[in-house]
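Protein chains: 2
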Amino acid sequence: MNLDDIRKQIDSADSRLLELFSERMELCRQVAEYKKEKGMPVFQSGREKEVLNKIASKAPAELEAASRLLFSQIMEISKCLQREQLTEYKETVLSEFKKDPSVACPGIKGSYSEEACIKAFGDNARIDYYDSFKQVFDAVSGGRADYGVVPIENSTAGSVESTYKLLEQHEMYICGRLSIPVNHILAVRDKSKAIEKVISHEQALRQCSGFLDKRGYKQRAAENTSIAAKTVSESGESIACICSAHCAKLYGLEIAAENIADIGENFTRFVIISKELQAEKDADIISVCLSLPHISGSLYKLLTRFYFSGLNLTRIESRHMPPHIKKKSGSDSFEVIFYLDFEGSISNPSVNKLLQNLKADCGYYRLLGNYKEIL
Amino acid sequence: MNLDDIRKQIDSADSRLLELFSERMELCRQVAEYKKEKGMPVFQSGREKEVLNKIASKAPAELEAASRLLFSQIMEISKCLQREQLTEYKETVLSEFKKDPSVACPGIKGSYSEEACIKAFGDNARIDYYDSFKQVFDAVSGGRADYGVVPIENSTAGSVESTYKLLEQHEMYICGRLSIPVNHILAVRDKSKAIEKVISHEQALRQCSGFLDKRGYKQRAAENTSIAAKTVSESGESIACICSAHCAKLYGLEIAAENIADIGENFTRFVIISKELQAEKDADIISVCLSLPHISGSLYKLLTRFYFSGLNLTRIESRHMPPHIKKKSGSDSFEVIFYLDFEGSISNPSVNKLLQNLKADCGYYRLLGNYKEIL
C-alpha cells in the first residue's frame, strides 16, 4: 500500500471517529441535563474510573496506556462542553485608569521604580515615595494612593519574591504591567579621581560582577541604586556607584563607564497594583493563582480547559503554598499553587465562564488581574 | 430515557470509538514504517494541519473547537506510540555515591549548608568551606571536591536564583536532594544583658520581622547566619543574632528565644551537585530543563508526552532564557525555558526513550539529574 492509500484510510477512520465523538458528546449532554433536572452532581469521578477501566480491559495490550489517555481526554472535553453549557455569563464591569492619580513608588527619586511610574502614568501623576514594597502595598490598600508600582521580575535575577508574598497577603489586583530596561552605568562625583569602592544594590553589584572583579574594586551593598547615587553625591570622590543614567544625572554625578552589566540584555518588569479589580476594555493578559490537588494529571486537565477555551498560556510557575492560603483552602494535600498568565479578556464569554468554573473547582483560586502591557 | 439507558449507549459508543482508535493507530504505524523505509521524515506538521482543517470543516459548529482538540490529541498520542516504537533503549550507566568524599560547602561551620552536608554524607566526609556558591561550583567542576551542596529553594523565600544561574552556566548535575528545617532562634553571649541590635542574614531577618518589629530591635544584615553568630561571639553582649540552635552551640552562645520566625513551617531545600551524571539504582526524581517554541500548545503537547509515559510531574517553572542558552538554541523565538521535576528513573525503558526524544525535539534540552531525596 502506498502513502496516499493509507492516508485515505486514515481520513475515512477520522470521519467515523468524528461521528462517534459527536454522538458521544450528545449523550453526555443528555446525562448532564438529566442530572441537573434531578438535582444530582453533574461530574462524578467514580463513573470516570469505571469507564477508563472498561476501556483498558478491552484495549489491545500495546494500546492500553494510549487508550486510557484518549478516553480520559474525551471525558475532559465533554466536561469542558458541559461546563460551558451549564454556566451563565457573569457581567464584568470594565473600568479605566484614573486621571492624574496618586502613585505609591518604592525607593527614592531616580530609582528604576520611579522610571516605571513615569512611564506608566506620565508627568501628571503625583508620585509618593515609600521605604519598602510593603509600605507601597499598605498605602494602596489604605487608600492613601490610587496605585502602586512594584517590580515583580528581573530578566537576570528572576522573580521578586517579596512582591509575590505581598500580593498573596494583601489580596490586591494587578491592573497593568510594564518593563524598564536596566542599563547599569558606573557614576562618580569626579571622573578624574581614582575609584576605591563601588556601592549599589546587591543585585546590581552581582549583575556587574565581571566588570567589578576585573578592576578589583571593593564593593558595598546599599539599599537601592538611587540611595547609592545619593550617598556618592554627598560623600568623597573615591566612591562610585552603579545606577541608571537618569539617576546619575539627577544626583549631579558623572558617568565613568557605560553598559557595565555582565549580560547585555537586562530589564525589570513592574506591575501596577490597585485595591479593586480594574480591567480595561482592551486588557489582554489575565493572571490567576490557584491550587490543584496533585500536579501531574490535574495540571494536564487544567491545561485542557485552557486549550479548549483557546487561551494561550504565557507563563506558568508552581510555588510552595503559603501557610495562610493552606489554611484557607482547608486541606493539607494542596501544597502547591500555580501562577498562570494567559492571553485573554474577562469579558470574553468563554474566558468568563472558564474563570467562574476554576473558582468553583479549585481549592484555592484568585484572579490577580486582567490588564495590558504598557509599551 | 433514564441514566442507565444513556450510559449503556455511551458504553456502546466507547467500544466503537476504541475499535476505530485501534484501527487508526495501526494505520499510523504503517505510515511511520513506510516513511522510515523511504528515508522520509516521520512527523510532518503540514499533514497535521490538513487533518485538523478537514475535521473542523466536517464537525457540527458547536463541536468545532472540541473536535480540533480531540484530533490534535489523537495525533499526539499516535506520535507518542511511534516515538516509542522507533526509539531504541540507550543503556544508562548507574553509579553510586563515593565513600568518604570531599564535599564543598558554602559559608562557614555552623551554617544550614553544613547541616545539609552532614545529613547527606555523614561524619566521614571531608567538608571544605567556600565563600560563595560560585566557588562551590568551581571546586566541583575543577575536581577539588567530589560533591558540592548548595541551597536551591526555601519554603518561605522561594527559588535561590544564584544556584539556578550557576547550574545553567556550569553544566553540572544534580545527584541528590534534601531538606533542612530552618528553626530560627535568637542567640546572645549573655542572656542577662539587654539586646540593642540583632544581626543575621537578610532573609533570616525578614523571616523573623514580626518578632523583631514587636520588640523594636535595631537590625543589621550579615553575610549569613553563621557569620552573624561568629560576630556575636567575638563582640560585646548587646548584640544578638538569628541562627540555628546548632550554630549557637558551636559559637558558645546562649539561646534567648526559640521559634522566632513569623511562619512556623520553614525549610530549605539543598541539592548535591557533581561533575558527571550520577544516577543511583533507586533514583526516582528526574530534573530537566528545556525550551519550547511557544508556551500554549507546545507545553500542552509536552505534558501529553509525560502523561503518556505515566510520569508524575512534581514541579514546573517557566523562566527567562539566559542569553548564553539563547545563543546555543540558535533562535530568538525560544525565550522561555522550563524547569521540570518528575518521578522516574532513566533506566526505565519508557522514560529512557522519552528523554532521548526530548533531546532530539527541543531547541534546548539538558538532563539536570536523576536522583533521590535523602530523608
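Chain order of the listed sequences is L and Z.
In this text, residue positions in the first sequence follow the working numbering: the first is 7, and each later residue adds one.
In this text, residue positions in the second sequence follow the working numbering: the first is 7, and each later residue adds one.
Note that CB positions come from ideal geometry on N, CA and C, so glycine has one too.
It should be emphasised that the depicted structure is a prediction, and the values quoted were computed from it without experimental measurement.
Open item on the list: Along the stretch 50 to 66 of chain Z, where does the CB come closer than 9 Å to a CB of chain L? Name the residues.
Closed with: Result list: Arg53, Val57, Lys60, Ile61, Lys64, Ala65 and Pro66.
Task: Spatial neighbours of Glu264(L) in its chain, beta-carbon cut-off 7 Å, leaving aside the 5 residues before and after - done: Contacts found: Ile191.
Open item on the list: On the DSSP bridge list, what partners appear for Val277(Z)?
Closed with: Val156(Z) and Arg183(Z), per the DSSP bridge assignment.
Task: Alpha-carbon spacing of Glu58(L) relative to Cys86(Z), whole angstroms - done: Reading off the sequence shown, one finds Leu at residue 58(L), where the question assumed Glu. Taken atom to atom, the span from the alpha-carbon of Leu58(L) to that of Cys86(Z) is near 19 Å.
Task: Cβ pair count under 8 Å reaching 3, the stretch 27 to 46 of chain Z against the stretch 361 to 368 of chain L - done: They do not touch, by the three-pair rule.
- [ ] Measure from the C-beta of Leu309(Z) to each C-beta in chain L and report whether the shortest distance is under 8 Å.
- [x] With 8 Å as the cut-off, Leu309(Z) counts as an interface residue toward chain L.
Task: Exposed unless 16 or more other CB atoms sit within 10 angstroms - verdict on Glu282(L) - done: By the 16-neighbour rule on beta-carbons within 10 angstroms, Glu282(L) is exposed.
- [ ] Could you please give the first and the last residue of the uninterrupted beta strand (DSSP E) stretch that includes Ile320(Z)?
- [x] The sequence shown places Thr at residue 320(Z), not Ile. Run containing Thr320(Z): Asn318 to His326, per the beta strand (DSSP E) assignment.
Task: chain L residues whose Cβ lies nearer than 7 Å to that of Glu323(Z) - done: Near Glu323(Z) (Cβ distances below 7 Å), the residues of chain L are Glu323 and Ser324.
- [ ] Kindly confirm or deny that the stretch 130 to 140 of chain L and the stretch 244 to 258 of chain L touch, where touching means at least three C-beta pairs closer than 8 Å.
- [x] Output reads no: the stretch 244 to 258 of chain L does not touch the stretch 130 to 140 of chain L.
Task: Bridge-paired residues (DSSP) for Gly6(L) - done: No information on residue 6(L) is available, as it lies outside the stretch 7 to 381 that chain L covers here.
TODO: Report the three-state DSSP secondary structure of Ala234(Z) (helix, strand or coil).
DONE: Three-state DSSP puts Ala234(Z) in a helix.
Open item on the list: The beta strand (DSSP E) that contains Glu29(Z), what's its start and end?
Closed with: Counting along the chain, Glu29(Z) falls outside any beta strand (DSSP E), though it belongs to the alpha helix (DSSP H) covering Leu9 to Lys44.
Task: Residue-chain proximity (Ser28(Z), chain L), Cβ-Cβ < 8 Å - done: For Ser28(Z), the answer is yes, since a Cβ of chain L falls inside 8 Å of its Cβ.
TODO: Note down the Cα distance separating Leu33(Z) from Glu68(Z), rounded to an integer number of angstroms.
DONE: When rounded, the distance between both Cα atoms is 29 Å.
Open item on the list: At a CB distance below 9 Å, what residues from the stretch 36 to 47 of chain Z approach chain L? Give them in sequence order.
Closed with: Taking 9 Å as the cut-off between beta carbons, the residues of the stretch 36 to 47 of chain Z near chain L are Gln36, Val37, Tyr40, Lys41, Lys44 and Met46, in sequence order.
Task: Member of Tyr170(Z), Asp288(Z), Ile12(Z) and Asn8(Z) whose CA lies at the smallest distance from the CA of Ser101(Z) - done: In terms of CA proximity to Ser101(Z), Asp288(Z) leads the group Tyr170(Z), Asp288(Z), Ile12(Z) and Asn8(Z).
Open item on the list: Measuring only the C-alpha atoms, how far is Leu466(Z) from Gly216(Z)?
Closed with: There is simply no residue 466(Z) to check, as chain Z begins at 7 and stops at 381 in what is shown.
Task: Nearest-angstrom beta carbon gap, Arg183(Z) and Val277(Z) [assumed within contact, 8 Å] - done: Correct: roughly 5 Å between the Cβ atoms.
- [ ] Using a Cβ-Cβ cut-off of 8 Å, state whether Gly316(L) counts as contacting chain Z.
- [x] At a cut-off of 8 Å between beta carbons, Gly316(L) contacts chain Z.
- [ ] Starting from Leu305(L), find everything on chain Z with Cβ-Cβ shorter than 8 Å and list it in chain order.
- [x] Residues of chain Z passing the Cβ test: Leu309, Leu319 and Ile322.
TODO: Go through its chain and collect everything with a Cβ distance to Lys168(L)'s Cβ below 7 Å, but skip five positions before and after it.
DONE: As written in the sequence, residue 168(L) is Ser, which differs from the Lys given in the question. Phe139.
Task: Sufficient close CB pairs (3 or more, under 8 Å) joining the stretch 228 to 247 of chain L to the stretch 140 to 159 of chain L - done: Flag = no, the stretch 228 to 247 of chain L and the stretch 140 to 159 of chain L do not touch.
Open item on the list: Among Ser119(Z), Gln36(Z), Ala65(Z) and Ile233(Z), whose alpha-carbon lies nearest the alpha-carbon of Ile205(Z)?
Closed with: Looking at the Cα atoms, Ile233(Z) is the closest of the given residues.
- [ ] Note down, in chain order, each residue of its chain lying with its Cβ closer than 7 Å to the Cβ of Ala19(L), except the 5 sequence neighbours on either side.
- [x] Cβ within range, chain order: n/a, list empty.
Task: Counted within 10 angstroms of its Cβ, other Cβ atoms place Met46(L) as buried (16 or more) or exposed - done: If you draw a 10 Å sphere on the C-beta of Met46(L), you find fewer than 16 other C-beta atoms in it, and that means exposed.
Task: In DSSP terms, what Lys224(L) is bridged to - done: Partner residues in the beta bridge of Lys224(L), as assigned by DSSP, are Lys203(L).
TODO: Just mark Ile180(L) as buried or exposed, buried being the case when its beta carbon has 16 or more other beta carbons within 10 Å.
DONE: Under this definition Ile180(L) is a buried residue.
Task: Under 8 Å between C-beta atoms of Tyr170(L) and Ile291(L) - done: Taking 8 Å as the Cβ cut-off, Tyr170(L) and Ile291(L) do not qualify as a contacting pair.
Open item on the list: With three or more beta-carbon pairs closer than 8 Å as the criterion, would you say the stretch 112 to 122 of chain L touches the stretch 341 to 352 of chain L?
Closed with: Pairwise C-beta distances place the stretch 112 to 122 of chain L out of contact with the stretch 341 to 352 of chain L, as fewer than three of them are shorter than 8 Å.
Open item on the list: To be precise: take each residue of the stretch 141 to 171 of chain L, compare its Cβ to all Cβ atoms of chain Z, and keep it if any distance is under 9 Å. Which residues remain?
Closed with: Correct list: Glu159, Asn160, Ser161, Thr162, Ala163, Gly164, Ser165, Glu167, Ser168, Tyr170 and Lys171.
Task: Those runs of the alpha helix (DSSP H) which lie wholly inside the stretch 237 to 269 of chain L and span at least 4 residues - done: Taken in chain order, the whole alpha helix (DSSP H) runs of length 4 or more contained in the stretch 237 to 269 of chain L are 251 to 256.
Open item on the list: So Asp219(Z) contacts chain L; which residues on that side make the cut at Cβ distance below 8 Å?
Closed with: The CB of Asp219(Z) never comes closer than 8 Å to any CB in chain L; the least such distance is about 11 Å.
Task: Close beta carbons around Gln15(L), own chain, < 6 Å, minus the five adjacent residues each side - done: If we look at Gln15(L) and ignore the five residues flanking it on each side, it has no Cβ neighbours.
Task: Ile83(L): contacting residues in chain Z (beta-carbon distance under 7 Å) - done: Against chain Z, a Cβ distance below 7 Å from Ile83(L) picks out Ala72, Leu75 and Leu76.
Open item on the list: Less than 8 Å between the beta carbons of Gln91(Z) and Arg35(Z), yes or no?
Closed with: In contact: Gln91(Z) and Arg35(Z) (Cβ atoms closer than 8 Å).
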